[in-house]
Structures are given as structure tokens and as C-alpha cells.
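What follows is one structure encoded as C-alpha cells, with my remarks underneath.
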Amino acid sequence: MRNNPWHACRKSESVCQSGDYRLIQHGALRMRIGVVACKIMKLELDKALSTLDGVTELVYLEEGKHVYPDKLKISVLEEINAIKDKVDVIFLGYGHCQSLKGIEDQFDIPIVHPDAEDCIAILLTPERYANEITKEAGTWFMTPGWAEAGADMILKALHLDKFESEEVDAKELTNELFASYTRGLFIDTGVGNDEYFIDKAKESCELFDVRLEKTVSTSTILEDSLAKCREIAGGSGER
């Protein structure tokens with residue numbers, strides 16, 4: 058497949074409201090935007106998509122697939138192939154996640170894909186992500202999605218879920234792996250319900266014996282990426 062001319066971005070969008078998909082007419086032009094994204098960012102994407110029309114295909118994949126990069130890539134390729142003939146542009150709501158960098162080169166359709174290592178870099182910005190790690194290397198980052206997923210997602214991220222059916226103390230193993238962590242950093246991404254998510258983040262921090270801190274995100278990566286999709290699809294797309 059030839060190199061995708063939209064290599065720097067990567068495209069996909071989709072909005073689902075009350076279970077209905079919608080097509081939006083702009084005169085003779087009909088915007089068709091598709092979105093394939095990780096469910097861990099659903100709250101942030103739903104908020105960004107709430108002001109955007111023209112999303113006709115929306116797919117959220119189960120969170121935690123990044124733990125097995127090759128399988129994640131297969132799933133993402135399947136979803137893109139399933140909608141690529143139905144839309145004009147696709148927003149890929151993932152970071153590189155160890156297997157997705159350059160995936161847009163496999164398609165002729167424009168794909169808007171944030172140039173960031175993972176969902177934390179997208180929601181915090183790569184620069185702030187790096188700064189926080191420099192500030193304290195032993196930091197476990199939690200967005201609202203990560204906080205809500207809780208300890209089960211942490212076990213999966215650390216590949217400890219495979220021990221659940223064995224006579225292995227996953228909690229003990231987790232504590233050993235968390236020995237190098239000293240801080241849990243909750244990232245307020247502006248989706249609301251702060252008290253609930255802070256409480257969930259606190260539960261994980263207490264479980265793994267790290268202190269909890271909070272920061273506020275000012276990242277516009279999702280919004281900027283969706284605006285690029287709208288531009289490519291050919292309309293203002295705002296409600």
C-alpha cells in the first residue's frame with residue numbers, strides 16, 4: 058500500500074447518541090467521519106464528540122488491549138477495514154501503543170492518529186507526560202477511565218491477570234512490581250464527576266501503597282484531531 062498522504066495526522070471519527078448513528082447534510086456535501094478508539098478514553102471522546110456532527114461510525118474497543126500489542130493491531134485493522142468504505146476520514150483514538158505507529162500507511166483513506174505514545178500522552182500531552190516522569194519516575198498515571206477500571210485493569214496492565222486461575226498471590230506479585238512506584242497521579246481531564254473518580258483513584262493508591270496526587274489536563278489533542286477530521290471531511294461540523 059502506498060504511503061498515506063495524511064501520515065502526520067490520521068483520521069477517524071464517530072458519534073453515537075441514544076444508539077442512533079446520524080448523517081449530516083451540509084448543502085450537497087455530506088460529512089462522513091468514523092472513529093475507532095480505546096474505551097479507556099470514552100468519557101473524553103464522548104465530550105469532544107458532543108459538539109461535532111457528521112460522525113457516522115463509532116467503535117470503542119475494550120480497554121487493556123494494548124497489553125498485547127500484536128493482538129491490538131489485529132483488532133484495530135479489522136475495525137478500520139470494517140468502516141473504511143463507509144466514511145471519508147477516520148479518527149484513530151489510540152496512541153502508538155507499541156504496535157500502531159504508522160498503521161495509517163496501510164490505507165488509502167485519511168486516518169488521523171495522534172502522534173503520542175499512549176492514552177496518557179494524548180490526555181496529558183507528551184511534554185507534560187515526560188515532565189511528570191522526570192519529576193518522579195515512580196509515577197502511576199490515572200485518567201478517569203483508568204481510575205474507574207481500578208485494580209483489575211492494573212493487574213491486566215502488569216500481565217498479572219494470567220495468574221488469576223493459578224495458585225499465585227497476584228496481590229503479592231503486584232506489590233513487588235509496585236515497589237518502585239511512589240506516586241499515583243490522577244489526571245483531571247474535564248469530564249466532571251471528580252469526587253467519584255478521585256475516590257476510585259484513592260482506592261488503587263491505598264491498595265498499592267502509593268500516595269495520590271492530582272493534576273489538571275489542558276491537552277487539546279483530541280479536539281485538534283477531530284477538527285482535522287472535520288476539515289478533511291469538508292464541513293464545519295459544529296453544533
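The opening residue of the sequence shown carries number 58 in the working numbering; numbering runs sequentially from there.
Ideal Cβ placement from N, Cα and C applies to all residues, glycine included.
This structure is a prediction, so every number in the text was calculated from the model and none was measured.
>> Let me confirm a value: residue 290 is counted as buried when at least 16 other C-beta atoms fall within 10 Å, else exposed. Which label applies?
In response: buried
> Who are the near neighbours of residue 141 in its chain, counting only those whose CB is closer than 8 Å to its CB and skipping five residues on each side?
Replying inline: Cβ neighbours of residue 141 beyond the five flanking positions: 91, 147, 164, 166.
>> Does the structure place the region 276-283 close enough to the region 100-116 that three or more beta carbon pairs sit under 8 Å?
In response: yes
>> For residue 301, count the other beta carbons within 10 Å of its own beta carbon; 16 or more makes it buried, fewer makes it exposed. Which is it?
In response: The structure shown does not extend to residue 301, since the chain is modelled only from 58 to 296, so the question has no answer here.
> Is it right to say residue 150 is buried, meaning 16 or more other beta carbons lie within 10 angstroms of its own, or is it exposed?
Replying inline: buried
> Within 10 angstroms of its Cβ, does residue 120 collect 16 or more other Cβ (buried), or is it exposed?
Replying inline: buried
> Start and end of the beta strand (DSSP E) containing residue 245?
Replying inline: 240-245
> How is the alpha helix (DSSP H) around residue 105 delimited, first residue to last?
Replying inline: 99-106
> With respect to the alpha helix (DSSP H) encompassing residue 46, which residues constitute its N-terminal and C-terminal limits?
Replying inline: Lying outside 58 to 296, the shown extent of the chain, residue 46 is not represented and no answer is given.
> In this structure, what does DSSP give as the bridge partners for residue 122?
Replying inline: For residue 122, which the question treats as bridged, DSSP gives no partner whatsoever.
>> Between 181, 195, 134, 161, which has its C-alpha nearest residue 267's C-alpha?
In response: Looking at 181, 195, 134, 161, the one whose alpha-carbon comes closest to that of residue 267 is 195.
> Shortest alpha-carbon distance to residue 186 belongs to which of 288, 275, 88?
Replying inline: Closest option to residue 186, Cα to Cα, is 275.
> If you scan the region 121-163 from start to end, which runs of the beta strand (DSSP E) of 3 or more residues do you find wholly inside it?
Replying inline: 146-150
>> Let me check understanding here. Comparing Cα to Cα, which of 130, 205, 159 lies closest to residue 258?
In response: 205
> Applying the criterion that 16 or more other CB atoms from any shown protein chain within 10 Å of the CB defines a buried residue, is residue 113 buried or exposed?
Replying inline: buried
>> Could you check whether residue 232 and residue 265 sit closer than 8 Å to each other, using their CB atoms as the reference points?
In response: Yes; because the gap between Cβ atoms is below 8 Å, this pair is in contact.
>> Please identify the residue among 156, 201, 192 whose C-alpha is closest to the C-alpha of residue 249.
In response: The shortest C-alpha separation from residue 249 is found at 201.
> Which two residues bound the contiguous beta strand (DSSP E) that contains residue 268?
Replying inline: For residue 268, the uninterrupted beta strand (DSSP E) segment begins and ends at 268-273.
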